[in-house]
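In the working numbering, the protein residues as written are 6 to 254.
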């Protein structure tokens with residue numbers, strides 16, 4: 006058991022080193038990508054923002070006393086890894102309060118700002134933004150579309166989301182999908198994720214369940230479906246769309 010724990014620690018340490026390297030690569034890649042990003046994603050048949058917003062509205066209508074109501078956020082909505090604002094464009098009409106966004110790429114944020122849908126934009130990573138810019142229990146919606154594909158260990162992110170969300174708040178995210186076997190199992194036996202040759206990270210379904218269980222009763226799974234996150238050539242890339250609810254107190 007001790008040897009397994011030591012192996013896990015070495016694997017996570019290597020992953021953290023890789024994450025720092027990946028962070029810088031992401032900044033450089035998306036700074037170069039910003040001007041033609043929207044057009045490129047359209048060619049890749051990327052529809053995660055539309056799929057996520059549709060699922061959120063459908064869930065709201067199914068659980069609300071007023072089915073015509075499509076307001077997903079009344080206080081603060083957060084768009085993590087907002088990029089050029091594709092998710093923000095979808096959310097803005099459903100937000101009665103403020104819409105905040107963050108991204109690592111300065112040039113992507115410049116494009117997002119030009120769309121005029123955000124009340125605040127900041128160049129930083131998702132965990133820092135939630136921990137330092139969002140007051141505890143103040144956000145009622147946190148969205149992360151096409152973000153987790155660049156984060157391996159999701160524990161710090163989930164902890165930050167849990168801190169930022171108010172009672173009954175919603176956390177919606179997408180991720181590329183792998184099998185539990187590919188991921189080597191879930192903690193403590195395995196990681197719950199695998200890095201693809203593309204250097205994108207895929208998480209298994211069981212890892213999302215593990216993260217929810219790890220939170221105790223903090224999160225409730227409200228929606229989970231397999232989707233196509235985009236196309237690689239003519240092949241649809243499998244992913245997950247997950248919606249969690251912060252426990253009501």
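Ideal placement from N, C-alpha and C gives every residue a C-beta, glycine not left out.
Exercise. What separation, rounded to the nearest whole angstrom, lies between the Cα atoms of residue 148 and residue 174?
Worked result: Start at 1 with the first residue of the chain shown, and residue 148 comes out as number 143. Start at 1 with the first residue of the chain shown, and residue 174 comes out as number 169. If I take the Cα positions, the gap works out to 11 angstroms.
Exercise. Between residue 230 and residue 159, what straight-line distance do the alpha-carbon atoms span, to the nearest angstrom?
Worked result: Counted from its first residue, the chain shown places residue 230 at position 225. Counted from its first residue, the chain shown places residue 159 at position 154. Distance between the alpha carbons of residue 230 and residue 159: 19 angstroms.
Exercise. Terminal residues of the continuous alpha helix (DSSP H) containing residue 130?
Worked result: To locate residue 130, count along the chain shown from 1; it is residue 125. From DSSP, residue 130 is part of no alpha helix (DSSP H); its letter is neither H nor E.
Exercise. With a Cβ-Cβ cutoff of 9 angstroms, do residue 248 and residue 109 count as a contact?
Worked result: What you label residue 248 is simply residue 243 of the chain shown in a count that begins at 1. What you label residue 109 is simply residue 104 of the chain shown in a count that begins at 1. Taking 9 angstroms as the Cβ cut-off, residue 248 and residue 109 do not qualify as a contacting pair.
Problem set entry | Residue burial classification, residue 39 (beta-carbon count within 10 angstroms, cutoff 16) | Numbered from 1 along the chain shown, position 34 holds the residue referred to as residue 39. With 16 or more neighbouring CB atoms inside 10 Å of its own CB, residue 39 falls in the buried class.
Problem set entry | Every unbroken alpha helix (DSSP H) within the stretch 161 to 246, with a cutoff of 4 residues, ordered by chain | Runs found: 185 to 188, 210 to 219.
Exercise. Along the chain, where does the beta strand (DSSP E) that runs through residue 83 open and close?
Worked result: Here residue 83 refers to the residue found at position 78 of the chain shown. Element bounds for residue 83: 81 to 84.
For this session: Please state whether DSSP places residue 87 in a helix, a strand or coil.
Result: Numbered from its first residue, the chain shown carries residue 87 at position 82. Here residue 87 sits in coil by DSSP.
Exercise. Do the stretch 176 to 191 and the stretch 112 to 132 make contact, defined as three or more Cβ pairs closer than 8 angstroms?
Worked result: No, the stretch 176 to 191 does not touch the stretch 112 to 132.
For this session: Pick helix, strand or coil for residue 139, following the three-state DSSP scheme.
Result: Working through the chain shown from its first residue, we reach residue 139 at position 134. Look at residue 139 here: in three-state DSSP terms it is coil, with no helix or strand label.
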